[in-house]
Amino acid sequence: MNYARKRCPLALPAVSWAVGAWLGLSSALAEVRIGGREYVRMGDWAKANNLQLRWTKRDEVLELTNLGWHLRFEVHSPEASLNGVRVRLLFPLAQHDGSVMLSALDAQTTFRPVLSPLRSSHSGTINSICLDPGHGGKDPGYRVGSNQEKRYNLLLAQELRDQLTKAGWKVSLTRAVDAYVELPERPELARRRNADLFLSLHFNATETSRGSVQGAEVYCLTPAGAPSTNSRGEGAGAGWFTGNLRNDRNMFLAYQLQKALTRDLGMEDRGVHRARFAVLRGATMPAALIEAGFMSHPAEGQKIFTAEYRRQIARAIVEGLNAYRKATQASN
């Protein structure tokens, strides 16, 4: 369908729908099947979430706003932004009967967890976390010259552990030395230690465009039935995994971490992504994976190799974790 040649006015029909548990609202939205998947009208969805909708560039850019939120969509883009934080969509926007459509799975698993974060259903506190320094031992991760990613993952984890401990968190690591830990064992260690959260720490690299590719990106597990948004394509299957039990909290955790890294640290915002990484698939608690910058970038890489910059990264991560805890912890 050629979106560029068709006008896409947003329909706002005054229709009352039956209760929809998946949406978490008092009224559900009519779903339309397009290309084998379910969509909802963007105008209906905006109205149900008390968001005002307007085109800022007709048929190309639309914004949804209220006192607390500013969402921006580009009709031909695979991304959206939530209060300035980039988020990859599971499926592109579609068009139907003159209306722009949002996939029901994005409405449910990309936006609802951020717009309406779930609080814990019990009175316990969120205070323990398992940090996973990526790679290690026989697996060096990315190499940039003599610099191996596994070393800086561990150094970041150790700095983050120290800062979190001072902030009152209980912290454990999947590895404390340069040793290899099997991928499925990492979230299993977190489970055995009764961790409330699991966070895998990595740095990125690229073989091309080294002078321009930089910034942070945070991953959470891809929901069942959707393709992963990571360009490397790990875990291409669209099935269900244990980690999908925490889809709502996974997404909100990833969002808070990405917001903190890009706002507190000023890193380029490469967005919140979805992937079926092995360390996320088996997590029984909310989990995310951070790519905290590009070792291959001439400037960013040199900063990553310094203790002071890693302290700043850790400080931003602590802010993101505290924001997540404040928003989701049950009231006593």
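Take 1013 as the starting number for the sequence shown in this note's numbering and just add one per residue.
Note that CB positions come from ideal geometry on N, CA and C, so glycine has one too.
Are residue i and residue j closer than 9 Å when you measure CB to CB?
{"i": "D1144", "j": "S1240", "result": "no"}
{"i": "N1334", "j": "A1179", "result": "yes"}
{"i": "S1115", "j": "Y1164", "result": "no"}
{"i": "N1242", "j": "Y1154", "result": "no"}
{"i": "L1233", "j": "G1255", "result": "yes"}
{"i": "L1117", "j": "P1235", "result": "yes"}
{"i": "T1340", "j": "P1129", "result": "yes"}
{"i": "G1332", "j": "D1281", "result": "no"}
{"i": "A1290", "j": "L1195", "result": "yes"}
{"i": "R1203", "j": "S1184", "result": "no"}
Whose C-alpha, out of the options, is nearest the C-alpha of residue i?
{"i": "R1327", "options": "A1169, R1084, E1043", "result": "A1169"}
{"i": "E1171", "options": "V1330, K1338, P1235", "result": "V1330"}
{"i": "P1125", "options": "Y1321, D1281, V1291, Y1267", "result": "Y1267"}
{"i": "V1189", "options": "P1152, S1224, V1087", "result": "P1152"}
{"i": "P1310", "options": "D1260, T1218, N1262, A1299", "result": "T1218"}
{"i": "A1058", "options": "E1072, V1044, D1071, H1082", "result": "H1082"}
{"i": "R1323", "options": "D1174, S1308, K1338", "result": "D1174"}
{"i": "A1060", "options": "F1123, P1090, Y1321", "result": "F1123"}
{"i": "A1300", "options": "G1223, L1041, H1214, Y1321", "result": "H1214"}
{"i": "I1302", "options": "T1318, M1279, E1320, T1177", "result": "M1279"}
{"i": "D1260", "options": "L1041, T1121, S1224", "result": "T1121"}
{"i": "N1262", "options": "R1131, A1040, G1048, R1049", "result": "R1131"}
{"i": "F1317", "options": "A1191, R1049, T1137, V1156", "result": "V1156"}
Measuring only the C-alpha atoms, how far is residue i from residue j?
{"i": "A1295", "j": "K1150", "result": "23 Å"}
{"i": "I1325", "j": "H1285", "result": "19 Å"}
{"i": "I1046", "j": "S1111", "result": "12 Å"}
{"i": "F1085", "j": "M1113", "result": "11 Å"}
{"i": "L1127", "j": "N1078", "result": "11 Å"}
{"i": "E1075", "j": "M1054", "result": "11 Å"}
{"i": "Y1336", "j": "F1264", "result": "7 Å"}
{"i": "A1119", "j": "V1193", "result": "36 Å"}
{"i": "S1221", "j": "L1292", "result": "29 Å"}
{"i": "H1147", "j": "L1277", "result": "25 Å"}
{"i": "L1065", "j": "D1109", "result": "18 Å"}
{"i": "R1187", "j": "L1166", "result": "8 Å"}
{"i": "L1273", "j": "K1315", "result": "15 Å"}
{"i": "E1043", "j": "E1197", "result": "40 Å"}
{"i": "G1223", "j": "S1158", "result": "19 Å"}
{"i": "D1056", "j": "L1041", "result": "7 Å"}
{"i": "R1049", "j": "E1320", "result": "47 Å"}
{"i": "S1308", "j": "T1137", "result": "39 Å"}
{"i": "R1275", "j": "K1338", "result": "18 Å"}
For residue i, which residues from the same chain have a beta carbon less than 6 Å from its beta carbon, with the 5 sequence-adjacent residues on both sides left out?
{"i": "Q1270", "result": "V1097, V1230, V1284"}
{"i": "T1068", "result": "E1075"}
{"i": "F1253", "result": "R1293"}
{"i": "K1162", "result": "H1147, G1148, P1152, G1153"}
{"i": "L1063", "result": "L1076, N1078"}
{"i": "Q1191", "result": "Per the sequence shown, residue 1191 should be read as Ala rather than Gln. Only G1148, G1149 meet the Cβ criterion."}
In its own chain, which residues sit with a C-beta less than 7 Å from the C-beta of residue i, not counting the 5 before and 5 after it?
{"i": "G1237", "result": "L1117, A1250"}
{"i": "E1312", "result": "Q1226, G1305, F1306"}
{"i": "M1297", "result": "A1202, A1207, D1208, L1209, F1210, R1258"}
{"i": "N1095", "result": "W1081, H1082"}
{"i": "Q1160", "result": "P1152, G1153"}
{"i": "P1090", "result": "R1100, L1101, P1104"}
{"i": "G1036", "result": "Because the pLDDT at G1036 is just 42, under 50, the model does not fix this residue reliably, and the value given afterwards should be weighed accordingly. The residues are R1124, S1128."}
Tell me which residues share the same chain as residue i and place their Cβ nearer than 8 Å to its Cβ, disregarding the 5 neighbours each side in the sequence.
{"i": "W1181", "result": "N1139, S1140, I1141, L1333"}
{"i": "T1177", "result": "V1183"}
Q. At what residue ranges does the region 1208–1236 contain a whole run of the beta strand (DSSP E), taking only runs of 3 or more?
A. 1209–1216, 1228–1233
Q) Can you list, in chain order, the stretches of the alpha helix (DSSP H) that have 4 or more residues and sit fully within the region 1253–1300? A) 1259–1276, 1290–1293
(Q) I'd like the ranges of any beta strand (DSSP E) spanning at least 3 consecutive residues and lying wholly in the region 1108–1148. (A) 1111–1115, 1140–1145
Q) Residue ranges of each alpha helix (DSSP H) run of no fewer than 4 residues wholly in the region 1165–1204, ordered along the chain? A) 1197–1204
Q: Taking only runs that begin and end inside the region 1054–1116, name each unbroken beta strand (DSSP E) of 3 or more residues, in chain order.
A: 1064–1069, 1073–1077, 1082–1086, 1091–1094, 1097–1100, 1106–1108, 1111–1115
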